[in-house]
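What follows is a single structure, written as structure tokens, with notes after it.
2 protein chains.
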Amino acid sequence: MARQAKYEELRQELLAEMAGSAPHTPLPTEREISARHGVSRNTVRQALDALETSGSVYRVQGAGTFVAPPVVSKSLALTSFSEDMRERDLVPASRLLAAETVRAGRQIAERLGIAPDAEVVRVSRLRLADGSPMCLENVHLPADRVPGLAREDLSGSLYALLTERYGLQIRSAEQVVRAVDLDETESALLGVPVGVSGLRVQRVGLDRRDTPVEATTTLYRADRYDIRFTVRRSRP
Amino acid sequence: MARQAKYEELRQELLAEMAGSAPHTPLPTEREISARHGVSRNTVRQALDALETSGSVYRVQGAGTFVAPPVVSKSLALTSFSEDMRERDLVPASRLLAAETVRAGRQIAERLGIAPDAEVVRVSRLRLADGSPMCLENVHLPADRVPGLAREDLSGSLYALLTERYGLQIRSAEQVVRAVDLDETESALLGVPVGVSGLRVQRVGLDRRDTPVEATTTLYRADRYDIRFTVRRSRP
DNA sequence: TAGTGGTCTAGACCACCAT
DNA sequence: TGGTGGTCTAGACCACTAC
Numbered sequence: 200m201a202r203q204a205k206y207e208e209l210r211q212e213l214l215a216e217m218a219g220s221a222p223h224t225p226l227p228t229e230r231e232i233s234a235r236h237g238v239s240r241n242t243v244r245q246a247l248d249a250l251e252t253s254g255s256v257y258r259v260q261g262a263g264t265f266v267a268p269p270v271v272s273k274s275l276a277l278t279s280f281s282e283d284m285r286e287r288d289l290v291p292a293s294r295l296l297a298a299e300t301v302r303a304g305r306q307i308a309e310r311l312g313i314a315p316d317a318e319v320v321r322v323s324r325l326r327l328a329d330g331s332p333m334c335l336e337n338v339h340l341p342a343d344r345v346p347g348l349a350r351e352d353l354s355g356s357l358y359a360l361l362t363e364r365y366g367l368q369i370r371s372a373e374q375v376v377r378a379v380d381l382d383e384t385e386s387a388l389l390g391v392p393v394g395v396s397g398l399r400v401q402r403v404g405l406d407r408r409d410t411p412v413e414a415t416t417t418l419y420r421a422d423r424y425d426i427r428f429t430v431r432r433s434r435p
Numbered sequence: 200m201a202r203q204a205k206y207e208e209l210r211q212e213l214l215a216e217m218a219g220s221a222p223h224t225p226l227p228t229e230r231e232i233s234a235r236h237g238v239s240r241n242t243v244r245q246a247l248d249a250l251e252t253s254g255s256v257y258r259v260q261g262a263g264t265f266v267a268p269p270v271v272s273k274s275l276a277l278t279s280f281s282e283d284m285r286e287r288d289l290v291p292a293s294r295l296l297a298a299e300t301v302r303a304g305r306q307i308a309e310r311l312g313i314a315p316d317a318e319v320v321r322v323s324r325l326r327l328a329d330g331s332p333m334c335l336e337n338v339h340l341p342a343d344r345v346p347g348l349a350r351e352d353l354s355g356s357l358y359a360l361l362t363e364r365y366g367l368q369i370r371s372a373e374q375v376v377r378a379v380d381l382d383e384t385e386s387a388l389l390g391v392p393v394g395v396s397g398l399r400v401q402r403v404g405l406d407r408r409d410t411p412v413e414a415t416t417t418l419y420r421a422d423r424y425d426i427r428f429t430v431r432r433s434r435p
């Protein structure tokens, strides 16, 4: 059994202690937290690093660490549709449109790093939030890595299925976001007027060896969906 | 003068050494890099952390650290329009549409955390890439923090001007991305047909104390612009 | 000038991977 | 099993902030 890391435990404790504090309230100094919780200062810094990355605190050298003001957006993380919807307080659901094995084709092959005539499993689903359409999702996976997938239960989380049934863990993803005009079929499925805008997210999911496992194109209704995130200046 | 940190120096050296290597080539072990460069292993890990975040290497516990395969997207960082275009090998330019002092109004006031009747400087610019329109940019700044801004030279980088002239450093930003239908005026300025889609990015720039400094809405041509980034699974 | 976060060291043990 | 990255310790000095 993998034990919880100390800095992770500390992170959660600090988050709980901060819960009632006003923005810009100073946290105890790193040395104080270190002494009070009986851990080294490096461990405290690991916990604070995580809290800073997630946008919960900010640090000013020479001054201290402070509770960050509430933000609209936390930093972007890789989430499944279900997780994404639950974070927005919406109830996720799914309607399977197609599940079949086909040849990859040039574009999918390039994204997955396989041969164009290799077989891929294509799973097409209409995803719902609070009972009404939110997006169209089209997933492609190399067929040899997911034998029998098309016959599995595809109503729930695909990521969970990949992990439990096939031992495939998606650890990161490359995404390309673009605005597009929806065509007639897409508009009809999403329940919006013809010709309005949609948000298209193309994703390539990678395993821990940075090898492509999944290529997904998702088409969101522009009137119900946006992407929120925090960015930081990297190197000055 | 601020000296360069050792881990930053090491990061650049490792990046240079990796330049010719094939994807998945193992790097030396952390202990080896440590010995060879005469730094502690923690410092090596700081350098590797940065390289992992930027998508240059990936690490597998128990196995090693490896050169990451080339990716379409690096992790998202806060960049100015000029920096963004240069990364895409395009030449940035600018046409000033308006620079004036106005009342904030409800929406801008909320984003900047100021009173609705407070004064803000509004700078509206058409931004060009390789000579043709790329986006419409509308920046709002609290007037009391940038006195005289409307009379400055606004043809170049606004971020540089804010830093040099007013000592304002934008360290992070919250962004909201959405697909929208362009109206007649917007289409005309961007040089696209009426009714096509645009990508709208709303940004609130924050200083090192997480205080809002700038609220910007940028409208990109969907046919010329997309957003690319890498996301990682956060906590399992 | 005192105190803060930022960087760095030289150890140590653990969890995990390949063999 | 031996070697890897992941975590952790107990120090130290530096750069910067606030007073």
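Residue numbers (our numbering), protein chains in the order written: chain A, 200 to 435; chain B, 200 to 435. C-beta: ideal position from N, C-alpha, C; glycine also. Only a predicted model underlies this, so the values are computations on that prediction, with no experimental measurement involved.
Could you name the residues of the stretch 405-431 of chain B whose beta carbon sits closer than 7 Å to any beta carbon of chain A, in the order they occur along the chain? Arg-407, Arg-408, Asp-409, Ala-421, Asp-425, Ile-426, Arg-427, Phe-428, Thr-429, Val-430 and Arg-431
Strand pairing of Gly-254/B, partner residues [DSSP]: As a first step, residue 254/B is located in the second sequence; it is residue number 55 there, counting from the start. Paired residue(s): none; Gly-254/B is not in a bridge.
Chain A beta carbons: is any one of them nearer than 9 Å to that of Pro-222/B? Within the second sequence, the letter at position 23 stands for residue 222/B. Yes, because at least one Cβ of chain A sits closer than 9 Å to the Cβ of Pro-222/B.
Going along chain A, which residues have a C-beta under 7 Å from Glu-373/B? Working through the second sequence from its first residue, we reach residue 373/B at position 174. By Cβ distance, chain A contributes Val-270, Val-271, Ser-272 and Thr-429.
Proximity of Tyr-426/A and Val-395/A at Cβ, strictly below 9 Å: Looking up residue 426/A in the first sequence gives position 227. Looking up residue 395/A in the first sequence gives position 196. The sequence shown places Ile at residue 426/A, rather than the Tyr named in the question. Contact flag unset, no.
Looking at the C-beta of Val-338/B, does it have a partner C-beta in chain A at a distance below 9 Å? Here the question's residue 338/B lines up with position 139 in the second sequence. Answer no: the Cβ-Cβ gap between Val-338/B and chain A never drops below 9 Å.
Give the straight-line distance between the Cα atoms of Leu-295/B and Ala-349/B, rounded to the nearest whole angstrom. Here residue 295/B is taken as the residue at index 96 of the second sequence, counted from 1. Here residue 349/B is taken as the residue at index 150 of the second sequence, counted from 1. Distance between the alpha carbons of Leu-295/B and Ala-349/B: 11 Å.
Selected residue, minimal CA-CA separation from Glu-286/A, among Ala-328/A, Val-403/A, Arg-344/A and Ala-317/A: Residue 286/A sits at position 87 when you count from the first residue of the first sequence. Here the closest residue by C-alpha is Ala-328/A.
Counting beta carbon pairs with one atom in the stretch 210-226 of chain A and one in the stretch 253-260 of chain A, are three or more of them shorter than 8 Å? yes
Arg-305/B: contacting residues in chain A (beta-carbon distance under 9 Å): Counting from 1 along the second sequence, the entry for residue 305/B is found at position 106. Chain A residues near Arg-305/B: none, gap ~16 Å exceeds 9 Å.
Pairs of beta-carbons, one from the stretch 333-342 of chain B and one from the stretch 305-320 of chain B, closer than 8 Å: are there three or more? yes
Less than 8 Å between the CB atoms is what I'm expecting for Arg-407/A and Val-259/B, so what's the real figure, rounded? For the purposes of this step, residue 407/A is taken as residue 208 along the first sequence, with counting starting at 1. For the purposes of this step, residue 259/B is taken as residue 60 along the second sequence, with counting starting at 1. With a Cβ gap of about 6 Å, Arg-407/A and Val-259/B count as contacting.
What's the gap between the Cα of Thr-416/B and the Cα of Val-376/B? By 1-based counting over the second sequence, the position of residue 416/B is 217. By 1-based counting over the second sequence, the position of residue 376/B is 177. Going by the C-alpha atoms only, they are around 10 Å apart.
Ser-396/A touches chain B at which residues, Cβ-Cβ below 7 Å? Taking the first residue of the first sequence as 1, we reach residue 396/A at position 197. Listed along chain B are Ala-378, Val-379, Asp-380 and Ser-396, each with a C-beta nearer than 7 Å to that of Ser-396/A.
Quick check on Gln-401/B: does DSSP put it in helix, strand or coil? Looking up residue 401/B in the second sequence gives position 202. Here Gln-401/B carries a strand assignment [DSSP, helix/strand/coil].
Below 8 Å on the Cβ atoms is my contact criterion, and I expect Pro-222/B with Thr-264/B to pass it. Report the Cβ-Cβ distance as a whole number of Å. Locating residue 222/B in the second sequence gives position 23, counting from the first residue. Locating residue 264/B in the second sequence gives position 65, counting from the first residue. With 8 Å as the limit, Pro-222/B and Thr-264/B do not qualify as a contact, their Cβ atoms being about 13 Å apart.
Taking only beta-carbon positions, decide if Ser-433/B is within less than 9 Å of chain A. Locating residue 433/B in the second sequence gives position 234, where the first residue counts as 1. Judged by the 9 Å Cβ criterion, Ser-433/B is in contact with chain A.
Measuring straight from C-alpha to C-alpha, what distance separates Ala-445/A and Glu-385/A? In this structure chain A extends from 200 to 435, so residue 445/A is not present and cannot be described.
For Gly-237/B, does the count of other Cβ atoms within 10 angstroms reach 16, so buried, or fall short, so exposed? Here residue 237/B is taken as the residue at index 38 of the second sequence, counted from 1. Exposed, because fewer than 16 other Cβ atoms sit within 10 Å of the Cβ of Gly-237/B.
Host alpha helix (DSSP H) of Thr-362/B (start-end): Counting from one through the second sequence, the residue named residue 362/B turns up at place 163. Counting along the chain, Thr-362/B sits inside the alpha helix (DSSP H) bounded by residues 357-365.
For Leu-311/A, decide whether its Cβ has a neighbour in chain B, counting only Cβ atoms nearer than 9 Å. Looking up residue 311/A in the first sequence gives position 112. No, because no Cβ of chain B sits closer than 9 Å to the Cβ of Leu-311/A.
Within the 9 Å Cβ cut-off, does Ala-276/A reach chain B? The residue labelled residue 276/A in the question sits at position 77 within the first sequence. Judged by the 9 Å Cβ criterion, Ala-276/A is in contact with chain B.
Status (buried if at least 16 other CB within 10 Å, exposed otherwise) for Ser-354/B: Translated into positions along the second sequence, residue 354/B becomes position 155. Burial call: exposed.
Do you know how far the Cα of Met-284/B is from the Cα of Thr-362/B? Reading the second sequence from its first residue, position 163 is the one you call residue 362/B. Reading the second sequence from its first residue, position 85 is the one you call residue 284/B. Straight through space, the alpha carbons of Met-284/B and Thr-362/B are spaced by roughly 20 Å.
Report the residues of the stretch 236-258 of chain B with a CB closer than 7 Å to any CB of chain A, ordered along the chain. Per Cβ criterion, the list reads Tyr-257.
Is there a Cβ from chain B that is less than 9 Å from the Cβ of Met-200/A? Taking the first sequence and counting its residues from 1, the one referred to as residue 200/A is at position 1. Model confidence at Met-200/A stands at a pLDDT of 37, short of 50, so the residue's coordinates are unreliable; what they give is reported in the following sentence. With 9 Å as the cut-off, Met-200/A does not count as an interface residue toward chain B.
When you compare each of Pro-227/A, Ala-218/A and Arg-432/A to Tyr-358/B by their alpha carbons, which one comes out closest? For the purposes of this step, residue 358/B is taken as the residue at position 159 of the second sequence. Among Pro-227/A, Ala-218/A and Arg-432/A, the Cα nearest to that of Tyr-358/B belongs to Arg-432/A.
Less than 9 Å separating the beta-carbons of Phe-428/A and Glu-373/B? Position 229 of the first sequence holds residue 428/A. Position 174 of the second sequence holds residue 373/B. Result yes, Cβ atoms of Phe-428/A and Glu-373/B sit closer than 9 Å.
Residues in the same chain with beta-carbon distance under 8 Å from Ala-314/A, minus the five sequence neighbours each way, listed in chain order, please. As a working mapping, residue 314/A is identified with position 115 in the first sequence. So the qualifying residues of the chain are Ala-303 and Ala-308.
Using a cut-off of 8 Å between C-beta atoms, extract the partners of Ala-267/A located in chain B. Your numbering for residue 267/A matches position 68 in the first sequence. By Cβ distance, chain B contributes Asp-409.
If you reduce the DSSP assignment to three classes, tell me which class Val-243/B lands in. Numbered from 1 along the second sequence, position 44 holds the residue referred to as residue 243/B. Helix at Val-243/B.
Look at the alpha carbon of Leu-214/B and the alpha carbon of Ser-220/B, and state the distance between them as a whole number of angstroms. Walking along the second sequence from the start, residue 214/B turns up at place 15. Walking along the second sequence from the start, residue 220/B turns up at place 21. If you take the alpha carbons of Leu-214/B and Ser-220/B, they lie about 10 Å apart.
Rounded separation between Ala-201/A and Leu-275/B - CA only: If you number the first sequence from 1, residue 201/A lands on position 2. If you number the second sequence from 1, residue 275/B lands on position 76. Low confidence applies here, because Ala-201/A scores a pLDDT of 42, under 50, leaving its location unreliable; read the following figure in that light. Their Cα atoms are separated by approximately 31 Å.
So within the stretch 305-391 of chain A, which uninterrupted beta strand (DSSP E) runs reach at least 3 residues, ignoring any that extend past its ends? Secondary structure remark: continuous beta strand (DSSP E) runs of at least 3 residues inside the stretch 305-391 of chain A, in chain order: 318-328, 331-341 and 371-380.
DSSP three-state assignment for Ala-298/A, whether helix, strand or coil: Locating residue 298/A in the first sequence gives position 99, counting from the first residue. Strand.
Whose Cβ in chain A lies nearer than 8 Å to the Cβ of Arg-370/B? Working through the second sequence from its first residue, we reach residue 370/B at position 171. Within chain A, the residues near Arg-370/B are Arg-431 and Arg-432.
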